[in-house]
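Chemist: Please read through the structure below; I'll follow up with questions.
Numbering (my numbering), first residue to last: 675 to 1042.
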């Protein structure tokens, strides 16, 4: 199995895993907006890679007065654009843009690491950028470099307060990235161990963020909830790969039940969670199909298609509309094929619902 095929199985929980990227799927994935809520802008793709401006590696860390600008760079250029571009790295021009962004990110990370006597805040920023550099390197198939980046994050977070949510999330992100890389390197056992560790870490972070009685779930709680959805599904996917189907079914169901328990979601978070829910329910359908339970599989795919419809109707973002339309079309094809097979197995007059009676045909097509 090619490296990219293996990446497509899992979500790193870092941005557009909700878009099920071709290289590093969730899980939706879920594209992040900046802290000001604005959608990140996609950089223009250089038609001539050689003409792209070269960014020399900085020789020293940013001075205190430059810190605010550095934070903006980290938040937007490194954290967001990496996620935005990753699904398209097979396009040569976009691949070059990701490569160029990775070069900038690595230079920035080197500058941060060069700072003498780093504070706790500095270490946190180094680790946040380090995880995103790992994601970029993985998208470029620089497997060994990506693994080194994730392991560096794990080593550095050992010095941070272990009971802080920020530390837990940094470690979970690094372990999730390592899990994907280890699977790509055919080390399924170690990959599953990392994904299980992510589940434990995400649960711990949620417990720390658990609202007091009478209080609402916070945006921070929902952010970790999206991580946990990715972790649940990654573990379940690995269990399917190992033919441990009952355990996989239980893990998928835990993810579904957890998603349905979330409340007071913003529109953006709800769209992200619904996309993750769609992928998880669709995976349940795939599992039942593998178990020769086609009727159950079809029903799961129908529910997943319903989630696509809901996201399409609630979002105004063209990229999300396009993504869920494509996902819907794939589900629709599987549903209609399942119906065709099931009708052939039933006596005349007992076919059940036809596709004309289902809302599955009402969603917009990506070809529209």
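Positions of the beta carbon are idealized from the N, C-alpha and C atoms, including for glycine.
DSSP three-state label for residue 793, please.
Modeler: As a position in the chain shown, residue 793 is number 119, starting the count at 1. Three-state result, residue 793: coil.
Chemist: Leaving out the 5 sequence neighbours to the left and right, which residues in its chain are closer than 7 Å to residue 945 when beta-carbon positions are compared?
Modeler: Reading the chain shown from its first residue, position 271 is the one you call residue 945. Answer for residue 945: 985, 988, 989 and 994, listed in chain order.
Chemist: Classify residue 816 as helix, strand or coil using the three-state DSSP reduction.
Modeler: Mapped onto the chain shown, residue 816 falls at position 142. Three-state DSSP puts residue 816 in coil, outside helix and strand.
Chemist: Report yes if the CB atom of residue 813 is closer than 7 Å to the CB atom of residue 842, and no otherwise.
Modeler: Reading the chain shown from its first residue, position 139 is the one you call residue 813. Reading the chain shown from its first residue, position 168 is the one you call residue 842. It is not a contact, given that the beta carbons lie outside the stated cut-off.
Chemist: Let me know the secondary structure DSSP gives residue 740 once reduced to three states.
Modeler: For the purposes of this step, residue 740 is taken as the residue at position 66 of the chain shown. Caution is warranted here: a pLDDT of 44 is assigned to residue 740, below 50, making its placement in the model unreliable, and no coordinate value can be reported.
Chemist: Using three-state DSSP, classify residue 845 as helix, strand or coil.
Modeler: In the chain shown, the residue the question calls residue 845 occupies position 171. If DSSP states are grouped into helix, strand and coil, residue 845 belongs with the helices.
Chemist: Closer than 7 Å by C-beta to residue 810: which residues in its own chain qualify, once you throw out the five before and the five after it? Chain order, please.
Modeler: Position 136 of the chain shown holds residue 810. If we look at residue 810 and ignore the five residues flanking it on each side, its Cβ neighbours are 756, 772, 775, 776 and 779.
Chemist: Which residue marks the beginning of the alpha helix (DSSP H) containing residue 969, and which one marks its end?
Modeler: Taking the first residue of the chain shown as 1, we reach residue 969 at position 295. From DSSP, the alpha helix (DSSP H) with residue 969 extends over 968–988.
Chemist: Quick one: residues in its chain with C-beta nearer than 8 Å to the C-beta of residue 873, no 5 flanking neighbours on either side, listed in chain order?
Modeler: Within the chain shown, the letter at position 199 stands for residue 873. So the list reads 902, 905, 906 and 909, once near-sequence residues are dropped.
Chemist: Helix, strand or coil, according to DSSP, for residue 1006 in the structure here?
Modeler: Here residue 1006 refers to the residue found at position 332 of the chain shown. It is helical.
Chemist: Between residue 939 and residue 977, what straight-line distance do the alpha-carbon atoms span, to the nearest angstrom?
Modeler: Stepping through the chain shown from its first residue, residue 939 is reached at position 265. Stepping through the chain shown from its first residue, residue 977 is reached at position 303. Near 20 Å, if we compare the C-alpha coordinates of residue 977 and residue 939.
Chemist: What's the C-alpha gap between residue 853 and residue 860?
Modeler: Within the chain shown, numbered from 1, the residue matching residue 853 stands at position 179. Within the chain shown, numbered from 1, the residue matching residue 860 stands at position 186. Cα to Cα, the separation comes out at about 11 Å.
Chemist: Along the alpha helix (DSSP H) that carries residue 876, what are the first and last residues, could you check?
Modeler: Looking up residue 876 in the chain shown gives position 202. Start and end: 862–883.
Chemist: Under 8 Å by Cβ, that's how I've got residue 886 and residue 839 pegged, so tell me the actual separation to the nearest angstrom.
Modeler: The residue labelled residue 886 in the question sits at position 212 within the chain shown. The residue labelled residue 839 in the question sits at position 165 within the chain shown. Not confirmed; about 16 Å, so no contact.
Chemist: Roughly how many whole angstroms lie between the Cα atoms of residue 847 and residue 917?
Modeler: The sequence position of residue 847 within the chain shown is 173, counting from 1. The sequence position of residue 917 within the chain shown is 243, counting from 1. Cα to Cα, the separation comes out at about 26 Å.
Chemist: Residue 967: which of 895, 1012 and 935 sits nearest, CA to CA?
Modeler: In the chain shown, counting from the first residue as 1, residue 967 sits at position 293. Per the Cα distances, 1012.
Chemist: Taking residue 647 as the reference, give the member of 1008, 815, 929 and 830 with the closest Cα.
Modeler: Summary: the structure shown does not reach residue 647, with the chain confined to residues 675 through 1042, and so no result is reported for it.
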